[in-house]
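Reviewing the structure listed below.
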Amino acid sequence: MFLEIKQLSKSFQNDLIVDRLSLSLDQHRTLSILGKSGCGKTTLLKLIAGLETADQGSIRVNGEDMSGKTPAERKIVYLYQEDLLFPHLSVRGNIGFGLKLQKIPASDIKEQVDLMIQRLELQGQGDKMPHQLSGGQRQRVSFGRAIITNPRLLLLDEPFGSLDVGTRQRMQELFKELTALYGITSLFVTHDLKEAILMGDDIGLMKKGSLQVYPDKQDFLLDPGTGVRSEIEFWESLLKPNY
Amino acid sequence: MKSKPAFGLLFFFLLGLLPFAAALVYALLYSLGIVGILSEGVSLAYWHQVLQSGELLGSFLYSALLAGTGVVLSVTLALWISMGLRTSLQHRFWSLLLYFPLAIPGMVASFLSIQLLSKAGFFSRISMKLGWIDRLQEFPDWINDSYGIGIILTFVLIVSPFFVILFSNVYQNERIAELSTLAYSLGAHGKQVFWQVTLPILFSKTKRIMILYFIFLLGSYEIPLVLGQESPQMLSVLIIRELKQFDLKLIPEGYVVAVAYTVVIAIAALLVFRRREVQVHE
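Protein sequences, first through last, are from chains A and B. Residue numbers for the first sequence follow UniProt numbering, so the first one is 1 and each next one is one higher. Residue numbers for the second sequence follow UniProt numbering, so the first one is 1 and each next one is one higher.
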């Protein structure tokens, strides 16, 4: 398994946020994690990224133990809920930020950034500053900035939560295209049922710090605890003639 | 609804711009010998006199050097305090302590500096008690000295708290903590985060305030009046000295210095704001 997490726990003061959580994920696959606010989704991602320290448990990526490694050493990129862009850098500067840190020659950075701008459908926007972009464009830049560094693992924390329906749909399609193109392995956290089903190759449900990963999507759809059945019943009730 | 902004502009023009413009025109006319009790008609003699003497240029360079050094040291100190002691500054006691120097008037700060830094002052006496010097006279000249050390230290005392507060607010408003975490996640190390994220964001958001503070210090009066030397003098001190001299025929020279100073600062300010417009779209 590419990502293996065993018995991971984290408490803040006396609150147990992540409770002996285990999961595994193959390379080049996306695991959707569905969960309500406060269930520990964000903390789980921050533990994997090295932005928080676990109380116990282990995280291994491609067989390598991540304990004691700094976020920079892990090569795992955590994508915020919001489209957090560096305000002093242009679109081009933001996308190329991670490459610049790796001290890649400027000509190579330019080439890769230009290609990414094209793939993100941001042609002609490269020299704009973050405050001159729309929400969807900002999110695309944020996404491209993470992918271009070719991370071992991409962690997405409700990345499209603030977007309108149309933009969100387009971003979901773009995410699928680019993760397939770059062979990205990712964890996609969301509280949106439909998005969880659409985005993940595998799917899991997180409740009170524990995660249940389903063997396949059918099992997820049939589990009453996921809310899929009640959602279907709601829409079917709308279609009944005497409603 | 539209009359409100128009009224505001008129108010600003009448109370803000008009008196300043009138004073500048009066100073210009005075410097050209057109007005004044002993005016002898239009003449560029006062301008020639001031520009040839070199005192204006010397004073300008001296003022710019002291103001620039004051701003650079204040910004550096404020950066160190605001970034290094970020958690401590959230405590009420430390934040109150920080606000305190902002309430000290320039004149009081100057006398405080004399009490602390002069040869008979606090640090001199402490140094003698500790055996670092044998006599008070051996303590270095920091007051009315040729390098303006007393002036610069007093500038730092009154300006750095403002920058600490400014940097702390920008740090929070621009969410630099989260951006730093993001940079770490993208592979940055501690120094890279500071030089490529924290510092550029703080500077890009505060650079115009730094320039305005430089202009403010360039024209400061009380501190260089009390702590400065006879020559060269900082601009405001030189202007007042020229305007108050006994020979009434030489008063126009004071207005020459005042007009030249105002024009240079106005042009510099215009350039700064013009550059801002261009940079937004870079």
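Even for Gly, the Cβ is constructed at its ideal location relative to N, Cα and C.
- Residues of chain A whose Cβ lies closer than 8 Å to the Cβ of Glu40(B) do not exist; the shortest such Cβ separation is about 57 Å.
- No Cβ-Cβ contact shorter than 8 Å links Asp65(A) with Ser11(A).
- Exclusion of the five residues before and after Gly41(B) leaves Gly33 and Ile34 as the residues of its chain whose Cβ lies within less than 8 Å of its Cβ.
- Per DSSP, the continuous beta strand (DSSP E) segment holding Ser32(A) begins and ends at Thr30 to Gly35.
- If you look at Gly204(A), you'll find it in the beta strand (DSSP E) that goes Asp202 to Lys207.
- Our two residues, Val91(A) and Met129(A), have alpha carbons roughly 6 Å apart in a direct line.
- Contacts with chain A at 8 Å (Cβ-Cβ) include Ser185(B).
- Under the criterion of beta carbons closer than 8 Å, Leu34(A) and Leu193(A) qualify as touching, at roughly 6 Å.
- Segment contact: the region 181 to 191 of chain A against the region 139 to 152 of chain A, three or more CB-CB distances shorter than 8 Å; contact assigned.
- When secondary structure is reduced to three states using DSSP, Phe139(B) falls in the coil class, being assigned neither helix nor strand.
- In the DSSP assignment, Leu186(B) forms no beta bridge with any residue.
- In chain B, no part has a C-beta under 9 Å from the C-beta of Pro215(A); the shortest such distance is about 31 Å.
- For the region 182 to 206 of chain B, the beta-carbon criterion of a distance under 7 Å to any beta-carbon of chain A is satisfied by Leu182, Tyr184, Ser185, Leu186, Gly187, Ala188, His189, Gln192, Val197, Pro200, Ile201 and Ser204.
- It is roughly 11 Å from the alpha-carbon of Trp47(B) to the alpha-carbon of Gly54(B).
- Contact of Leu179(B) with chain A by beta-carbon distance below 9 Å involves Leu84, Leu85, Phe86 and Pro87.
- Within chain B, the residues placing a beta-carbon under 7 Å from that of Tyr78(A) are Ser185, ordered along the chain.
- Thr70, Pro71, Ala72, Glu73, Arg74, Lys75, Ile76, Val77, Tyr78 and Leu79: these are the residues of the region 58 to 79 of chain A whose beta carbon lies less than 9 Å from some beta carbon of chain B, given in chain order.
- Distances from the alpha-carbon of Leu61(B) to those of Ser231(B), Asn144(B) and Ile267(B) put Ser231(B) closest.
- Taking 8 Å as the cut-off, the beta carbon of Trp142(B) is found closer than this to the beta carbon of Leu117(B).
- Residue pairing by DSSP places Ser58(A) opposite Lys6(A) in a beta bridge.
- One finds Gly187 in chain B with Cβ atoms closer than 8 Å to the Cβ of Gln102(A), taken in chain order.
- If you look at Leu155(A), you'll find it in the beta strand (DSSP E) that goes Leu153 to Asp157.
- Within the region 147 to 175 of chain B, the residues whose Cβ lies closer than 9 Å to any Cβ of chain A are, in chain order, Glu174 and Arg175.
- Shortest Cα-Cα distance from Ser39(B) to any of Lys244(B), Glu253(B) and Lys129(B) involves Glu253(B).
- Checking the DSSP bridge columns, you'll see Thr149(A) has no partner listed.
- Using a Cβ distance threshold of 8 Å, Met206(A) and Gly40(A) count as a contacting pair.
- Here Val156(B) is not bridged, per DSSP, to any residue.
- Shown here is that no member of the region 14 to 28 of chain A has a Cβ falling below 8 Å from a Cβ of chain B.
- Here Val42(B) carries a coil assignment [DSSP, helix/strand/coil].
- Within the same chain, Cβ atoms closer than 7 Å to the Cβ of Ala78(B) are found at Ser160, Phe163, Val164 and Phe167, the five residues on either side in sequence being excluded.
- Between Leu23(A) and Leu163(A), the gap from beta carbon to beta carbon reaches 8 Å or more.
- When the Cα atoms are used, Gln137(A) and Arg168(A) turn out to be separated by approximately 11 Å.
- A direct Cα-Cα distance of roughly 36 Å separates Tyr261(B) from Met83(B).
- Taken in chain order, the members of the region 143 to 166 of chain A whose beta-carbon sits within less than 8 Å of a beta-carbon on chain B are Arg145, Ala146 and Thr149.
- For Val213(A), no alpha helix (DSSP H) encloses it; the enclosing beta strand (DSSP E) starts and ends at Ser210 to Tyr214.
- Asn94(A) is classed as buried because its beta carbon has at least 16 other beta carbons within 10 Å across all chains shown.
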